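Worksheet: one structure, shown below.
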Amino acid sequence: MKFFAGATVFATLLVNQANAWGSIGHQLTGYIADHLANKHTIQVSTALLNGWNMSRTTTWADDVKYNKSLPYGWSGPLHYIDIEDNPPHECGLNLTRDCPDGNCIVGAIANYTNRLDCSGKQHLPVNDRSDALKFLIHFIGDITQPLHACNRQIGGNTAFAIFDGANTTQYGKVQLHAIWDTYIIEKRLKNDFNDSFTAYGDFLVHQILKGAYAHHVPLWNSCLRKKSNHSKHDNHRALRCAIMWAKDSDKLDCSVVWPAYDVDPKADLGLDYYKNAIPVVDMQLAKAGARMAALLDKELKKCHKYHSYI
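In mature numbering (1 follows the signal peptide of the UniProt record, and there is no 0), the protein residues as written are -20 to -1, 1 to 290.
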């Protein structure tokens, strides 16, 4: 996907579960991380990303997944976890049940954190480490979209809805998943930020640093501070965080995403549903950016001589 390329965004969102947030949402999470990460993290990540910042890179994992000329078609299942619960009546992650082989977003976050390989012990080629970072920053965004931690109706892809009077687009029926990916964010951007991506991003950064989210951030990142019997192994810390983040999103499937939809699936979700979803979407985007910065600050600090590392 390309940033603000509406037709491409909607076409892919309407046919596949594995695009969380759409390009605008993903770019916002990277924008937040670019503003929160420390100087060393920015230096190392920019070197690994060939001069790109995190905001610009966040949609790479979606781009390559759909490009048949590139060898990344296998990555689709890594963008989500099919939690086999029953929202809105029952929500709960069981990793043995929901991701038995690790081939899901939870396992992917652990794996690609490990493959950053700042220690150099794995002797991974720089291109592999670059790919690891690009996948990781995308998946940290994906896992905060509640319907990427949900198996009901294929993550909301077969739950059809009306949004601002429309129940179809030129690409097909409006899906609940697409509403959470893109429609809510685009309407919020237009109505409250005059279509200014930077204004929306700066608002979220301010909320994290000095606003309503400031006291929440330590809790969002608590998994990075907890000690483990496996603390020497980065993938255990990352796995613990990914599990926590998936559970956090799954709870929203029970408390926000599905209850109002189930009351009247034919209601226009661009009205009261949208108003109730705005604070949740804002906070989830903020969580993704804050977590991205915190995890990379933790992992990339071991890359002391980033030029020689790259």
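For each residue, glycine too, the CB sits at the ideal point set by N, CA and C.
Please read all numbers here as calculations on a predicted model, not as lab measurements.
Item: Let me check understanding here. Comparing Cα to Cα, which of 10, 183 and 279 lies closest to residue 38?; Value: 10
Item: Taking only runs of the alpha helix (DSSP H) that begin and end inside the region 87 to 168, which ones reach a length of at least 4 residues, in chain order?; Value: 106 to 122 and 133 to 136
Item: Once you ignore the five residues that flank residue 267 on each side, which residues in its own chain have a CB closer than 7 Å to its CB?; Value: 124 and 200
Item: For residue 230 versus residue 116, is the C-beta spacing smaller than 8 Å?; Value: no
Item: Just to confirm the assignment, what range does the alpha helix (DSSP H) spanning residue 62 have?; Value: From DSSP, residue 62 is part of no alpha helix (DSSP H); its letter is neither H nor E.
Item: Going by alpha carbons, who is nearest to residue 279 out of 257, 113 and 102?; Value: 113
Item: Between 91, 59, 13 and 12, which lies nearest to residue 217 when the distance is taken from Cα to Cα?; Value: 91
Item: Under a three-way DSSP split, which group does residue 248 fall into?; Value: strand
Item: Drop a sphere of 10 angstroms on the beta-carbon of residue 77, count the other beta-carbons inside from all chains shown, and report buried for 16 or more, exposed for fewer.; Value: exposed
Item: Give me whichever residues DSSP pairs with residue 70 in a beta bridge.; Value: 66
Item: Would you decide whether residue 49 is buried or exposed? Buried here means 16 or more other CB atoms lie within 10 Å of its CB.; Value: exposed
Item: Return helix, strand or coil for residue 39, following the three-state DSSP convention.; Value: coil
Item: Taking a contact to mean a Cβ-Cβ separation below 8 Å, would you say residue 86 touches residue 222 in this structure?; Value: yes
Item: Report yes if the CB atom of residue 142 is closer than 8 Å to the CB atom of residue 246, and no otherwise.; Value: yes
Item: Considering residue 332, what are the terminal residues of the alpha helix (DSSP H) in which it resides?; Value: Not covered by the structure: residue 332. The range shown for the chain is -20 to 290.
Item: Would residue 188 and residue 274 qualify as a contact pair, given that the criterion is a beta-carbon distance under 8 Å?; Value: no
Item: Classify residue 77 as helix, strand or coil using the three-state DSSP reduction.; Value: helix
Item: Is residue 171 helix, strand or coil when you go by DSSP?; Value: helix
Item: Alpha carbon to alpha carbon, how far is residue 212 from residue 99?; Value: At residue 212, the pLDDT of 48 sits below 50, so the modelled position is not reliable; the number obtained from the coordinates is stated separately. Cα-Cα distance, rounded: 12 Å.
Item: Grab me the residues of residue 257's own chain with a C-beta within less than 6 Å of its C-beta, minus the 5 sequence neighbours each way, in chain order.; Value: 164
Item: Label residue 45 either buried or exposed according to how many other C-beta atoms from any shown protein chain fall within 10 Å of its C-beta, with 16 as the threshold for buried.; Value: buried
Item: Using the Cβ count rule (16 or more neighbours within 10 Å means buried), how would you classify residue 109?; Value: buried
Item: Alpha carbons only, please: which of 283, 183, 249 and 225 is nearest the one belonging to residue 89?; Value: 225
Item: DSSP three-state call for residue 279: helix, strand or coil?; Value: helix
Item: Assuming the contact rule is C-beta atoms closer than 8 Å, residue 65 and residue 145 should be a hit. Round their C-beta distance to whole Å, please.; Value: At roughly 32 Å, the Cβ-Cβ gap does not stay under 8 Å, so residue 65 and residue 145 are not in contact.
Item: In the DSSP assignment, find the alpha helix (DSSP H) that holds residue 199 and state where it starts and stops.; Value: 197 to 200
Item: Please classify residue 35: is it buried, with 16 or more other beta-carbons within 10 angstroms of its beta-carbon, or exposed?; Value: buried
Item: Residue 317: which of 95, 132 and 16 sits nearest, CA to CA?; Value: An answer regarding residue 317 cannot be provided, because it is not within the stretch -20 to 290 covered by the chain.
Item: When burial is assigned at 16 or more other CB atoms within 10 Å of the CB, is residue 51 buried or exposed?; Value: exposed
Item: Count the other CB atoms within 10 Å of the CB of residue 121; is the residue buried (16 or more) or exposed (fewer)?; Value: buried
Item: List the endpoints of the continuous alpha helix (DSSP H) containing residue 242.; Value: 239 to 243
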